[in-house]
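K.L.:
Numbering (the numbering used here), first residue to last: 997 to 1417. Please see the structure below; I have some questions.
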Ligand code: LLP
């Protein structure tokens, strides 16, 4: 459920008409609903309530500092994968003890920043990383809390580009070698083992792969404890999928996911961490765009809009589907027609949907891409020297620009022409 609904014939974000935001901020623009973000965070927090737990928002899905502050103030932790994300989380007021540091290629400088600024744990992904983290921690005179990310060799049954838990993927260490790697970690005085980490992929629409992975983690917890390690925390990653189409998708709910965690791991008495991104932010955001031209091709009608693949790359990159709806509610009896919905960028990949049935929208009309809160703005760019897309946060009947659209001068003045040219 989200808070983007038609009221009095037009699409609202909570109590704000999208039309009003388009008029005041311009298009394209991302719009987020605070109530939806908080509700989705709360669903996870409630689902895990029988166990000690921390919900760490995977901020790679949506990293605007205002959104992080909203979730952080509600008690969320953060899953970060770079120094930039760590600094954003801290700028949003999230304390270090609620931040976990994931990622396959952490640098020394990232490790130093997190160790000096405060960190809950590093999810270590390889033996060389372990050795470097130990060195960095000792050089600072501190001890780094770690989990080791294990790769359980489970097929997440999702898009190949976002599957991470098969043995051929670059992530984690093979679970078959975990005991050996933990034994090596235990010898490093700059590290303190606190648990195990696993993350098998994103946009999972079934529970079975989670169940397979978490069952392996339960067995590993017992084996590592028998080896004398203190395993008090299990970080189970993110990945629970969302419905991208309203009609026929029903991925598992956070309550069912919570029950599965309880059932597979509850007996171990560990603190549970999860790292959901998409399920918290995905349906909490829309990309609002304006139709520039209706163009009739040979046997095809195109809607050419002012949003483009630089603003929302998911359709071009993953063939992802986003529902696209008109901001003015179509009158009853209006027949949808097939359109190719495309941006103005000079490549055919700049296509959001082909032969999508849509009610007609006139030139100048507004449309909204649903489910665009996750991996939308964060993956945007200035390709074709288009201005970075702005972001707006709505709360009830108020809204604020949380990242303004830069001016052309601002964009151009970032380039520096050398004196010898
Ligand atoms: N934890 C780790 C270690 C991850 O790598 C990810 C996502 C998550 C948590 C959050 O997963 P989520 O709950 O959001 O599924 N750009 C792609 C998605 C990439 C996901 C990468 N890792 C897309 O637009 O679909």
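Cβ coordinates follow ideal geometry from the N, Cα and C atoms, glycine included. All figures in this text were calculated on a predicted structure; none of them were measured in a lab.
1) Among the candidates 1391, 1415 and 1386, whose CA atom is the shortest distance from the CA of residue 1060?
2) Residue 1283 and residue 1395 look like a contact to me (Cβ under 8 Å); what is the Cβ gap, rounded to whole Å?
3) Starting from residue 1003, trace the beta strand (DSSP E) in both directions and tell me its first and last residue.
4) Can you tell me which of 1289, 1321, 1357 and 1276 puts its alpha carbon nearest to the alpha carbon of residue 1057?
5) Are there any heavy atoms of the ligand LLP lying less than 7 Å away from the beta-carbon of residue 1375, as far as the coordinates show?
6) Give a yes or no on contact between the segment 1220-1230 and the segment 1001-1020, applying the rule of three or more CB pairs nearer than 8 Å.
7) Which residue's Cα is closest to the Cα of residue 1332: 1343, 1352 and 1345?
8) Given a cut-off of 8 Å, decide if residue 1324 and residue 1360 are closer than it, judged by their beta-carbon atoms.
9) For residue 1127 and residue 1184, I'd like the C-alpha separation in whole angstroms.
10) When burial is assigned at 16 or more other CB atoms within 10 Å of the CB, is residue 1413 buried or exposed?
11) Would residue 1261 pass as a contact of residue 1206 if the rule is Cβ separation under 8 Å?
12) If distances are taken between C-alpha atoms only, which option among 1245, 1169, 1215 and 1176 comes closest to residue 1199?
13) Please determine whether the Cβ atom of residue 1160 lies at a distance below 7 Å from any heavy atom of the ligand LLP.
14) Figure out for me which residue from 1337, 1343 and 1372 has the closest Cα to the Cα of residue 1357.
15) Cβ of residue 1272 within 8 Å of Cβ of residue 1212?
16) Between which two residues does the alpha helix (DSSP H) containing residue 1017 stretch?
17) Leaving out five residues on either side along the sequence, give the residues of the same chain with a beta carbon under 7 Å from the beta carbon of residue 1368.
18) What residue range does the beta strand (DSSP E) around residue 1049 cover?
19) Residue 1375 and residue 1341 - do their beta-carbons sit closer together than 8 Å?
20) Just to check my reading of the structure: residue 1392 and residue 1075 have Cβ atoms closer than 8 Å, yes? What is that Cβ distance to the nearest angstrom?
21) In or out: residue 1004 buried (at least 16 other Cβ within 10 Å) or exposed?
22) Going along the chain, which unbroken runs of the beta strand (DSSP E) with 3 or more residues stay wholly within the segment 1115-1152?
23) Examine the ligand LLP and report whether any of its heavy atoms sits within less than 7 Å of the Cβ of residue 1054.
24) Taking C-beta to C-beta, are residue 1267 and residue 1091 nearer than 8 Å?
25) Only counting the same chain, and skipping five residues up and downstream in sequence, which positions put a Cβ closer than 6 Å to that of residue 1250?
26) Closest to residue 1254 by CA distance: which of 1029, 1204, 1315 and 1046 is it?
27) With the cut-off set at 8 Å, would you say residue 1121 and residue 1100 are in Cβ contact?
P.N.:
The relevant details are as follows:
1) 1386
2) Going by Cβ atoms, the distance from residue 1283 to residue 1395 rounds to 15 Å, so no, they are not a contact pair.
3) 1000-1003
4) 1276
5) yes
6) no
7) 1352
8) no
9) 8 Å
10) exposed
11) no
12) 1245
13) yes
14) 1337
15) no
16) 1014-1021
17) 1026, 1281, 1282, 1283, 1308 and 1318
18) 1049-1054
19) no
20) Incorrect: roughly 28 Å between the Cβ atoms, too far for contact.
21) exposed
22) 1117-1120 and 1140-1147
23) yes
24) no
25) 1039, 1040 and 1043
26) 1046
27) yes
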